[in-house]
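Protein sequence lines correspond, in order, to chains H and B. Per our numbering, the very first residue in the first sequence carries number 1; after that it's consecutive. Per our numbering, the very first residue in the second sequence carries number 164; after that it's consecutive. The beta carbon of each residue, even a glycine, is placed where N, CA and C say it ideally should be. Only one structure is covered here, and it is reproduced in the block below.
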Amino acid sequence: MTMMNKTLSSILVMCTAFYLVIAAIGTANASPVDTYVFEDEVMKIRFQALSKELRCPKCQNQNLADSNSPIAADLRRELYDLLKQGKADSEIVDFMVNRYGEFVLYRPKVSELTYVLWFGPAVLVLLAIIVVIVVVRRKPANKEKLALSSEQQDKLKQLLKDK
Amino acid sequence: MGKLIRFLPLILVIALGVVLYRGLSLNPQDMPSALVGKPMPQFSLPTLNNSERIVTSADLKGDIVLLNVWATWCPTCKYEHPYLVDIAKNPQLKLYGLNYKDERAAAQEWLTVYEDPYMFSIFDDVGTLGLDLGVYGAPETFVIDHHGIIRKRFAGAIDTRVWRKEFEPLIAQLISEKQQGK
Numbered sequence: 001m002t003m004m005n006k007t008l009s010s011i012l013v014m015c016t017a018f019y020l021v022i023a024a025i026g027t028a029n030a031s032p033v034d035t036y037v038f039e040d041e042v043m044k045i046r047f048q049a050l051s052k053e054l055r056c057p058k059c060q061n062q063n064l065a066d067s068n069s070p071i072a073a074d075l076r077r078e079l080y081d082l083l084k085q086g087k088a089d090s091e092i093v094d095f096m097v098n099r100y101g102e103f104v105l106y107r108p109k110v111s112e113l114t115y116v117l118w119f120g121p122a123v124l125v126l127l128a129i130i131v132v133i134v135v136v137r138r139k140p141a142n143k144e145k146l147a148l149s150s151e152q153q154d155k156l157k158q159l160l161k162d163k
Numbered sequence: 164m165g166k167l168i169r170f171l172p173l174i175l176v177i178a179l180g181v182v183l184y185r186g187l188s189l190n191p192q193d194m195p196s197a198l199v200g201k202p203m204p205q206f207s208l209p210t211l212n213n214s215e216r217i218v219t220s221a222d223l224k225g226d227i228v229l230l231n232v233w234a235t236w237c238p239t240c241k242y243e244h245p246y247l248v249d250i251a252k253n254p255q256l257k258l259y260g261l262n263y264k265d266e267r268a269a270a271q272e273w274l275t276v277y278e279d280p281y282m283f284s285i286f287d288d289v290g291t292l293g294l295d296l297g298v299y300g301a302p303e304t305f306v307i308d309h310h311g312i313i314r315k316r317f318a319g320a321i322d323t324r325v326w327r328k329e330f331e332p333l334i335a336q337l338i339s340e341k342q343q344g345k
């Protein structure tokens, strides 16, 4: 009987272990998990914010937080090191831009190169408003044109009389 | 004025067409390096063949340099390799390797099995120099002028077509700059 109990419990332990491994693999596939130890909550929040703000140079539609690529992992490690060194957010962003270009920013800086990007939509909306105003204002003028001249009025009366 | 407004939609459609057509023909992977026009970053790393021999950015200075980022885990590097062997025969430039995030033994074997086109390869196993150069994969090739300024970064494999189009004109320009003592 004790023999049976032992076998049963060891099977149970093995099943639990198996389940835990599967669960671990499941979460590992979901998104890259680095085992960084943060000094405090603020540093953790800054790390998460910056890794969402910075774009992976290799996989261009993913940020550092989402990407599984080796370069993204490297940059996350670099980001962690820079935070640990006590660098400010702006210094970290400059560090990345100096190496990988403005490209790594999901929100590009306002500069001559990005004026169109930043102000283009506003200009388009403004243009659209102007066009609408112009079109609406022109309407009355059109109506006047549509009205019959006195000659035409006379002709119309004539025609109606004939009937 | 009235005529212009009548044609405005047509003009807008044509303009939009031009913009979108241009957008289609751009290569989104083709991004300029932030380092073009800047000096080669400082580094101090061993060579691939001799862990005792430490090289720095000063070792690359004075010549027209091609710095080729390569690794044994990179299949495109294998494709590119015969072209590099060919390029290395040009006496007017020096080809150095940057062995990027690789294993020393495997990389050394690669250079003996194939041919070693490089003056030497810098061994960057952690990728620190790669990071400073803004490298995000392999192969990548940097052109550095005789003042040690990075003049071009090319991501992807070099072959005859790429060499003629992307590198030859710049190399010729750099050679003439060097001869004129600029």
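DSSP state of residue i mapped onto helix, strand, coil
i	result
TRP233 (chain B)	strand
LYS328 (chain B)	helix
ASN253 (chain B)	coil
ASP265 (chain B)	coil
PRO245 (chain B)	helix
ASN213 (chain B)	coil
PHE38 (chain H)	coil
LYS224 (chain B)	coil
PRO149 (chain B)	This structure gives no information on residue 149 (chain B), because the portion of chain B shown stretches from 164 to 345.
LYS315 (chain B)	strand
ASP322 (chain B)	coil
ASN98 (chain H)	helix
ARG55 (chain H)	strand
PHE206 (chain B)	coil
ASP66 (chain H)	coil
LEU126 (chain H)	helix
is_contact[residue i, chain B] using C-beta, thresh 8 Å
i	result
ARG99 (chain H)	yes
ILE133 (chain H)	no
Contact set for residue i: own chain, Cβ-Cβ below 8 Å, skip 5 residues either direction
i	result
GLY293 (chain B)	VAL232, LEU261, TYR263, LYS264, ASP287
TYR259 (chain B)	LEU223, VAL228, LEU229, LEU230, ASN231, TYR281, MET282, PHE283, SER284, ILE285
ARG46 (chain H)	LEU83, ASP89
ILE71 (chain H)	CYS56, PRO57, LYS58
ASN29 (chain H)	Because ASN29 (chain H) carries a pLDDT of 49, less than 50, the predicted location of this residue cannot be relied on, and no value is offered for it.
CB contact check: residue i to chain H, cutoff 8 Å
i	result
ASP226 (chain B)	no
TYR263 (chain B)	no
Cutoff 6 Å; reference residue i; Cβ partners in own chain excluding five residues on either side
i	result
GLU39 (chain H)	none
ILE338 (chain B)	GLN255
PRO32 (chain H)	ASN68
VAL135 (chain H)	none
TYR246 (chain B)	ILE321, ASP322
LYS44 (chain H)	PHE38
ALA65 (chain H)	SER51, LYS52
Same chain, Cβ closer than 7 Å to residue i, neighbours up to 5 away in sequence not counted
i	result
SER69 (chain H)	CYS56, LYS58, CYS59
TYR277 (chain B)	HIS244
ARG216 (chain B)	PRO209, THR210
GLY297 (chain B)	SER196, ALA197, LEU198
Residues of the region 51 to 85 of chain H whose Cβ lies closer than 7 Å to any Cβ of chain B, in chain order:
PRO57, LYS58, GLN60, ILE71, ASP74, GLU78
Can you confirm whether the region 299 to 311 of chain B touches the region 168 to 187 of chain B when touching is taken to mean that 3 or more C-beta pairs between the two stretches lie within less than 8 Å?
Segment contact: the region 168 to 187 of chain B against the region 299 to 311 of chain B, fewer than three CB-CB distances shorter than 8 Å; contact not assigned.
The region 291 to 303 of chain B: positions lying closer than 9 Å to chain H by Cβ
GLY293, LEU294, ASP295, LEU296, GLY297, VAL298, TYR299, GLY300
Short-range partners of chain H found in the region 197 to 222 of chain B, where Cβ spacing is below 7 Å:
ALA197
When the Cβ atoms of the region 312 to 327 of chain B are set against those of the region 233 to 251 of chain B, are three or more pairs found closer than 8 Å?
yes
If we count Cβ pairs, one from each stretch, closer than 8 Å, do we get three or more for the region 100 to 118 of chain H versus the region 195 to 202 of chain B?
Contact between the region 100 to 118 of chain H and the region 195 to 202 of chain B is present, with at least three C-beta pairs closer than 8 Å.
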